[in-house]
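Note that our numbering gives residue 467 to position 408 of the sequence shown, counting from 1, and the numbers run on in steps of one.
A quick write-up on the structure given underneath.
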Amino acid sequence: MKNCTLDLLGIKDSHLEFDPKYKNKVIAAGFYQHKKVRKIHLRQSYPCACPVCGQKMRYNGFKTVEMLGLPSGGITNVFSIRKQKYLCPASAACPKTITKLAEIKDVKANDQISQAVKYQAISKLDQNISQKDIAADFGISGMTVMRFAQELSTYLRPNHHFLPQNIAFDDFKAGNFSSSGMSIIVMDIATRRTLDIVRSRHNTYLRSYFLQYDRQARWAVQTVTVDLYSPYRSLIHEIFPQALIIADRFHVVTQAYRALNLVRTQTMKQAGQGSHNARALKHYWKSLTKDSTKLDFKTYRKSRNFRNMQLCEQDIVERLLNMSSALRQAYVYYQTLLQAVHQRDPRLLESLTRSAAGMPEPIKKTNRTLRKHLQEIKNSFQTTFSNGPVEGTNNKIKAIKKTAYGFRNFENFRLRLLIELKNSYVSLNFHSHNRVGDSSHYRPPTPPYVRNRIRRFNNLSFTLY
Numbered sequence: 060m061k062n063c064t065l066d067l068l069g070i071k072d073s074h075l076e077f078d079p080k081y082k083n084k085v086i087a088a089g090f091y092q093h094k095k096v097r098k099i100h101l102r103q104s105y106p107c108a109c110p111v112c113g114q115k116m117r118y119n120g121f122k123t124v125e126m127l128g129l130p131s132g133g134i135t136n137v138f139s140i141r142k143q144k145y146l147c148p149a150s151a152a153c154p155k156t157i158t159k160l161a162e163i164k165d166v167k168a169n170d171q172i173s174q175a176v177k178y179q180a181i182s183k184l185d186q187n188i189s190q191k192d193i194a195a196d197f198g199i200s201g202m203t204v205m206r207f208a209q210e211l212s213t214y215l216r217p218n219h220h221f222l223p224q225n226i227a228f229d230d231f232k233a234g235n236f237s238s239s240g241m242s243i244i245v246m247d248i249a250t251r252r253t254l255d256i257v258r259s260r261h262n263t264y265l266r267s268y269f270l271q272y273d274r275q276a277r278w279a280v281q282t283v284t285v286d287l288y289s290p291y292r293s294l295i296h297e298i299f300p301q302a303l304i305i306a307d308r309f310h311v312v313t314q315a316y317r318a319l320n321l322v323r324t325q326t327m328k329q330a331g332q333g334s335h336n337a338r339a340l341k342h343y344w345k346s347l348t349k350d351s352t353k354l355d356f357k358t359y360r361k362s363r364n365f366r367n368m369q370l371c372e373q374d375i376v377e378r379l380l381n382m383s384s385a386l387r388q389a390y391v392y393y394q395t396l397l398q399a400v401h402q403r404d405p406r407l408l409e410s411l412t413r414s415a416a417g418m419p420e421p422i423k424k425t426n427r428t429l430r431k432h433l434q435e436i437k438n439s440f441q442t443t444f445s446n447g448p449v450e451g452t453n454n455k456i457k458a459i460k461k462t463a464y465g466f467r468n469f470e471n472f473r474l475r476l477l478i479e480l481k482n483s484y485v486s487l488n489f490h491s492h493n494r495v496g497d498s499s500h501y502r503p504p505t506p507p508y509v510r511n512r513i514r515r516f517n518n519l520s521f522t523l524y
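Pasting the structure below:
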């Protein structure tokens, strides 16, 4: 019965037993660091050999220590343990007096928190819970939780001898860790796994970061998927000379989307505040940005901005475009770009970007951007890679920051992200380390569909058009 109770309390050391000194009060209410807790009185005593002469040591009284255990029934458990002290007096075999204290299994010397508490606290870090809430569950402080997490730093060191063949990176607002306030997330885009979080997006910092990787690892990178942020280009050509740059299709379409919305708001201002045209353009803005092939042309409804006329969605868009020739030009440009991206048609893209004469100024600016990255956009038509997984991970990062009310230390921020992002290499390295004892040579398997895609890329010539 006693062994069952000890097992329920999470005590695995066979030398620990209920302290007979307390008889029927081995479990009683008490206080620990000014908090009401459940105190469990234990004793530890076993025969011990002298580490010098090997003879059996004498018993030399007890030393009482307190150790925090896992809570049960909503109450924190504190183990009050009387640990046996040992003595080996000076003799011919022992030149000086040797003393020793009984040791608890799986507990380091001078630790006041049990390993079970440590493991449970760390296991909750992969959930979107604040450190303060985790600490409250186990009766410890928030900084103690972070110190436990920092013990995982062994599994967070990047392997500078390996990089995936297809990577992607994007910036996100991290905090005051750099002058730009933006950090970088690097992903293996084929397996959608987070590789690392980089402090700053400045080229100088990124260059010094990626140059830590072996030349062979950097030259093995075949594709880099990024947005249209221009400073990345020179860096990618320098660090990954064998890699093709793939422009993210979402960011390509976003350029025209923003230009169309800007032309729409300019048309509203020209029409005058409170006018019929301004109200209609404001109310039906979503219909203008919708793919024209998905506009509803069957269902007719009363349109309050058009004197309650029975109109379908297609009719409404046509009436909106009749309000301004500039708006119609921007709309046609946006829809043509959508068609080129959806159909992956490089010829249509080339004809669209060939000239923007007579177009509204926002469309001209967008056209210049697309012409600048034309080859990269064509490259994106040859593969399914995009920054979609990266953008999804960025949304998760925002949720983590919101729960934590921000981070002041970048290393702690990076640590929490890599633990909580379940698609990161941390968990893989952790389990690999437990199996073979070394995570430094971990290589993720390349799926067959990725190998086939790489083979196609090797055979492609991107100067066909």
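Just so it is clear, CB atoms sit at the ideal spot from N, CA and C, and this is done for glycine as well.
Through-space distance from residue j to residue i, alpha-carbon basis
i, j, result
"Ser173", "Arg467", "28 Å"
"Thr352", "Tyr343", "17 Å"
"Leu211", "Arg473", "12 Å"
"Gly465", "Met382", "47 Å"
"Glu297", "Gln314", "27 Å"
"Arg406", "Ser414", "14 Å"
"Gly303", "Ser384", "According to the sequence provided, residue 303 is Leu. The question's Gly does not apply to it. Cα-Cα distance, rounded: 39 Å."
"Ala180", "Ala208", "9 Å"
"Arg430", "Gln398", "17 Å"
"Gly240", "Ser445", "24 Å"
"Lys122", "Arg141", "5 Å"
DSSP three-state assignment for residue i, whether helix, strand or coil
i, result
"Gly240", "coil"
"Glu162", "coil"
"Ala87", "strand"
"Ile157", "strand"
"Ile513", "Confidence at Ile513 is low in this model, with a pLDDT of 40, below 50, so its placement is unreliable and no value can be given for it."
"Gly113", "coil"
"Ser351", "helix"
"Asp497", "In this prediction, Asp497 has a pLDDT of 40, which is less than 50 and means its spatial position is unreliable; what the coordinates show is noted afterwards. It is coil, neither helix nor strand."
"Asn446", "coil"
"Arg360", "strand"
"Leu68", "coil"
"Lys95", "strand"
"Ala108", "strand"
"Asn468", "coil"
Close Cβ partners of residue i (< 7 Å) along its chain, the five nearest in sequence each way excluded
i, result
"Ser73", "none"
"His500", "Low per-residue confidence applies at His500: pLDDT is 38, beneath 50, and the placement is therefore not dependable, though the value from the model is reported in the following sentence. The answer is none, since no qualifying residue turns up."
"Pro448", "Met246, Ile248 and Arg251"
Beta-bridge pairing of residue i - partner residues as DSSP gives them
i, result
"His100", "Ser139"
"Phe583", "Outside the displayed span of the chain (60 to 524) sits residue 583, for which this structure offers no information."
"Ala463", "Note: Ala463 sits in no beta bridge, so no partner."
"Tyr118", "Tyr145"
"Phe77", "Leu101"
"Thr123", "Arg141"
Beta-carbon proximity list for residue i, same chain, < 6 Å, skipping 5 on both sides
i, result
"Lys191", "Gly201"
"Ile86", "Ile99"
"Pro421", "Ala318, Leu321 and Val322"
Residues of its chain near residue i, where Cβ-Cβ distance is below 8 Å and the 5 sequence neighbours each way are ignored
i, result
"Ala458", "Asn187"
"Thr395", "Leu407 and Leu411"
"Gln92", "none"
"Leu379", "Ala339, Leu340, Tyr343, Ser346, Leu347 and Leu386"
"Arg266", "Leu294, Glu297 and Ile298"
- prompt: Fully enclosed by the region 260-333, which alpha helix (DSSP H) runs are 4 residues long or longer?
  reply: 262-269, 274-278, 290-298 and 308-330
query: Mind pulling the beta strand (DSSP E) runs of 3 or more residues that sit fully within the region 126-150?
result: 136-147
message: Ignoring anything shorter than 4 residues, give me the alpha helix (DSSP H) runs that lie fully in the region 170-226, in order along the chain.
response: 174-182, 190-197 and 201-209
- prompt: Taking the runs of the beta strand (DSSP E) that are 3 residues or longer, which of them lie wholly in the region 368-443?
  reply: 368-370
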